[in-house]
Amino acid sequence: MDGTVAGVILAAGESRRFGGARKQLALLDGRTLLEHVIATAAAAELDPIVAVVPVWLTRPARWSDPRLRWVRNPHPERGMSHSLRLGFAALPPSVGATIILLGDQPTLPPSRIAALVAARDDQPIVAASAGGRAAPPVLLERSHFAVVEQATGDAGLGALLEAHPEWVRRVEFHDPVPDVDTPADLAALEEACPGCGARFAPTTATESHPYLGASPACWSAFGELLAREFGDRAHGWIHRRTVDVYAVQHPGTDGRRQRQSVVLHLVGLCHWLEHDLDVEHVNAITRRLTGEPHDWPWLPAPGSYPITVLDALAATSATAHGRTVRRWGESTWAAWHEQHEVIRRIAAAALA
């Protein structure tokens, strides 16, 4: 069991059941399905990570991990078996075993890969199993890499594993990892945030804000955005605007703190976008209004927003981050149009 453990991701399918769309580019949590699987392979410390993709799919510049190898499959119509052979042909001699992953299993946890690696023994194949059926991910030792030459059509190694149980050590899991074959499969994986409406993959996170109406997954995404702003001054200059936008997209339920949060953060957006006030001026006004006795009204929120925290997280540079937060603020302020006159009156009085 010498050598590194690599990953081969099969992502060159024709996506026939996905409504004619290019499934590889479908988004979950603001990332493509393939990007999720690559991130899982990286988190599991697989090296190298070979992604077998269609010829039209260009590797994004942001996927700069040196472990990632991009292999194009010019004949996806030949099925998964052809992708397997291309992927294994790209492995260097230093690889001692390989994990086979599917590009349409974005919710596969790194711990499942780690469990297969930990289960390596004198059998040449270690397969995940759920409900008595072996299925990806599957680990192959180098001694049996040649079995991929026996795979045919779109069945992968499934038939070989069933025909040769003596080769396989199975690691049982309670639930199978779901494939995303159709748009309905993708929708079933997503959970909408009750505040902004952004859709997120299932998460084990349970923490959220005490009174903002954000799901744990959305609150976790906002935490990631804040970490980016706090960690880099080139991003952090717009931090106050980020907080204003996120807060008004997640008003929560009617209550004293919630009313104050919505009104003051909407006033902040108004002073930014309609009065062009700098952050220091807006902060001073917010502190003053917070310290004064006010009976703020409860303002009904819009039904949805065109830009969310996921769009801000997708920005790939500080300049793009600033532009995105500006558009995020403008679109959110526009979505609250039914409350503009109320907020404008409060904002004007605060300037007096």
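Under the numbering used here, the sequence shown has 251 at position 251, and the numbering climbs by one with no breaks. Ideal placement from N, C-alpha and C gives every residue a C-beta, glycine not left out. No experiment lies behind these values; they were computed from the predicted model shown.
With distances taken between CA atoms, alanine 198 lies nearest to Ala214 out of Ala335, Pro183, Ala214 and Ala188. Beta-bridge analysis with DSSP links serine 129 to Ala134 and Glu172. Spatial neighbours of histidine 265 in its own chain (CB-CB distance under 7 Å, excluding positions within 5 residues in sequence) are listed in chain order as Asp244, Ala247 and Val248.
Distance between isoleucine 125 and histidine 164, taken at the CA atoms: about 10 Å. Secondary structure of threonine 4 (DSSP, three-state): strand. The three-state reading of DSSP puts glutamate 191 in strand, counting E and B together. Residue environment for serine 83: buried (at least 16 other C-beta atoms within 10 angstroms of its C-beta). Look at proline 76 here: in three-state DSSP terms it is helix. DSSP places glutamate 141 in the strand class (E or B) of the three-state scheme.
In this structure, alanine 135 sits away from histidine 174, with a CB-CB distance that is not shorter than 9 Å. Considered as a whole, the stretch 32-98 harbours 49-54 and 68-73 as its complete beta strand (DSSP E) runs of no fewer than 3 residues, in chain order. Here the C-alpha atom of alanine 118 lies approximately 16 Å from the C-alpha atom of valine 95. Where glycine 13 is concerned, there is no enclosing alpha helix (DSSP H), because DSSP gives it neither an H nor an E. In terms of Cβ geometry, valine 309 and cysteine 218 form a close pair [threshold 9 Å].
Residue environment analysis places histidine 250 among the buried positions, since at least 16 neighbouring C-beta atoms fall within 10 angstroms of its C-beta. By the criterion of at least three beta-carbon pairs nearer than 8 Å, the stretch 328-335 is in contact with the stretch 298-306. By the criterion of a C-beta distance shorter than 8 Å, arginine 62 is surrounded in its chain by Thr316, once the five residues flanking it on both sides are discounted.
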